[in-house]
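Each residue of the sequence shown is one higher than the one before, counting from 20 in this note's numbering.
Virtual Cβ for every residue (Gly too), placed ideally from N, Cα, C.
Right, one structure below, let's go through it.
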Amino acid sequence: MGGIALRGLGKSFGSVEVIRDLSLDIVSGEFIVFLGPSGCGKSTLLRMIAGLEEASAGEISIDGRRVDALPPGQRGVAMVFQHYALYPHMTVRDNMAFGLRNVGQSPDEIERRIAEAARILEIGHLLARKPAQLSGGQRQRVAIGRAIVKEPKAFLFDEPLSNLDAALRSRTRIELARLHQQMKATMIFVTHDQVEAMTMATRIAVMNHGRIEQIGAPMEIYRRPATRFVAGFIGTPAMNFVPVQPLAPVDGRFAARLPDGSGVVTGIAAAAIKETQGLELGFRAEHMRLGGEIPATADVVERLGDRTLVYARLRDGTTVVFEDGGDSRIAVGDEVALAIESGAAHLFDAQGRAYHGG
Ligand SMILES: Nc1ncnc2c1ncn2[C@@H]1O[C@H](COP(=O)(O)OP(=O)(O)OP(=O)(O)O)[C@@H](O)[C@H]1O
Ligand SMILES: [Mg+2]
């Protein structure tokens, strides 16, 4: 129950096209995250699925049934917003019961569902309180409870954690993952926070300008980003991108010269790469380390406890970030010699298409 199919969806506000020809199959029971920068159309897409926004083109089906003409209440989905808007004059219990009473559920059934949601969310002791007597995290849980009691086919979350402080956000993230495991319900979660996406999703759909650039399991997207945009959006710190000139292949592998003159041999098959202009090498901070032959100067040293991020300048001024151990001895201004673990490097052509090794 709860599979969702989107076919050729489009949405324009006046002359502005916000969602373009978007098709996607969401499998029943999966936790899918729509991830992308501000303004890329995540909320609009979610609101179209919920029925809060009319599609300009395309079809939406839930459990095999067309729903695009149905009002939100008949689509069988429940949405949780960033601003959870609980009724301030009602108790937690009444906030959860309200929607069910409106559709004529029996008092016994309402009581059963509230008890079940309260058990799952561990808010049984808060049922008699009003929202003003709750912490932000407790309010967010009540908002989720209000969605759970509807027993929807799918939960739609629009940045529900962004009003919480960092500690609470990471706790709630774990709670949501647990909730998903318990309920096995379809969940669509919108965020621009890639940590939320990486940690909770069964699949991430990375969006850019109203389109899905890539969809896949979190580590698949991390390891094999399909485009430069995805590569730059996923991962903290952001991937290093360095313009390169092709050199003669080495054992069939693509080799390149960095702007400072140093050469690298990648794990990428040279035959796949037709272009010679506008190429960029991409590698993550964890794939560049001390102990090589690329000279650099440390500019900024960020100590994170378990590891240290060092922002450094190559001889030509190119800046890169690399990772060192938590007990790194590197200080600002130090001269270092770096190595790129080039088997893990990616190549991007002028159109932003990615090539991977391995
Ligand atoms: N009612 C509207 N009228 C006109 N333009 C709109 C309307 N709603 C959204 N837009 C535009 O559509 C684009 C996508 O908006 P949307 O809210 O879906 O982005 P988002 O990905 O959710 O961004 P954020 O991360 O900031 O919430 C934006 O450029 C926005 O300005
Ligand atoms: Mg939004």
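Does the region 355-375 touch the region 288-306, meaning 3 or more C-beta pairs lie closer than 8 angstroms?
At 8 angstroms Cβ cutoff, the stretches touch.
Determine, using beta-carbon pairs with one atom in the region 72-90 and one in the region 104-116, whether at least three such pairs fall under 8 angstroms.
No: the two stretches stay apart, fewer than three of their Cβ pairs being nearer than 8 angstroms.
Quick check on this structure: which residue in Val269, Ala104 and His211 has the alpha carbon closest to the alpha carbon of Ala288?
Ranking the options by Cα distance to Ala288, first place goes to Val269.
Go to Phe208, then tell me how far its alpha helix (DSSP H) extends in each direction, as first and last residue.
Taken as a continuous stretch (DSSP letters only), Phe208 belongs to no alpha helix (DSSP H), being part of the beta strand (DSSP E) at Thr205 to Thr210.
To which residues of the same chain is Ile129 closer than 8 angstroms at the C-beta, ignoring the five residues directly before and after it?
Only Ala116, Leu119, Arg120 and Val168 meet the Cβ criterion.
Quick one, what's near ligand 2 if you take every residue whose CB is closer than 7 angstroms to any heavy atom, in chain order?
Here the list is Lys61, Ser62, Asp177, Glu178 and Val209.
Quick one: using the 10 Å Cβ neighbour count with 16 as the cut-off for buried, is Ala166 buried or exposed?
By the neighbour-count rule (16 or more Cβ atoms within 10 Å), Ala166 is buried.
Where in the region 109-183 do unbroken runs of the beta strand (DSSP E), each at least 3 residues long, occur, reported from the N-terminal end onward?
Here the runs fully enclosed are 173-177.
Name the two residues that bound the continuous alpha helix (DSSP H) containing Glu215.
Looking at the DSSP string, the run of the alpha helix (DSSP H) that includes Glu215 is Gln213 to Met219.
When you compare only the Cα positions, how much space is there between Gly352 and Leu277?
Approximately 22 angstroms, taken between the alpha carbons.
Looking only at its own chain, which residues have a Cβ that is under 8 angstroms from the Cβ of Pro90, when we skip the five neighbours before and after it?
Once the five neighbours on either side are set aside, the close Cβ partners of Pro90 are Gly70.
Could you have a look at Gln14 and say whether DSSP puts it in helix, strand or coil?
Residue 14 falls outside the range modelled here, since the chain spans only 20 to 377, and no answer is possible.
Measuring only the C-alpha atoms, how far is Leu198 from Tyr103?
Near 18 angstroms, if we compare the C-alpha coordinates of Tyr103 and Leu198.
Below 6 angstroms, is the gap between the Cβ of His102 and the nearest heavy atom of ligand 1?
No.
Should His211 be counted as a contact of ligand 1 given a C-beta to heavy atom distance under 6 angstroms?
Yes, the Cβ of His211 comes within 6 angstroms of a heavy atom of ligand 1.
CB of Phe302 to nearest heavy atom of ligand 1: below 6 angstroms?
No, the beta carbon of Phe302 sits no closer than 6 angstroms to any heavy atom of ligand 1.
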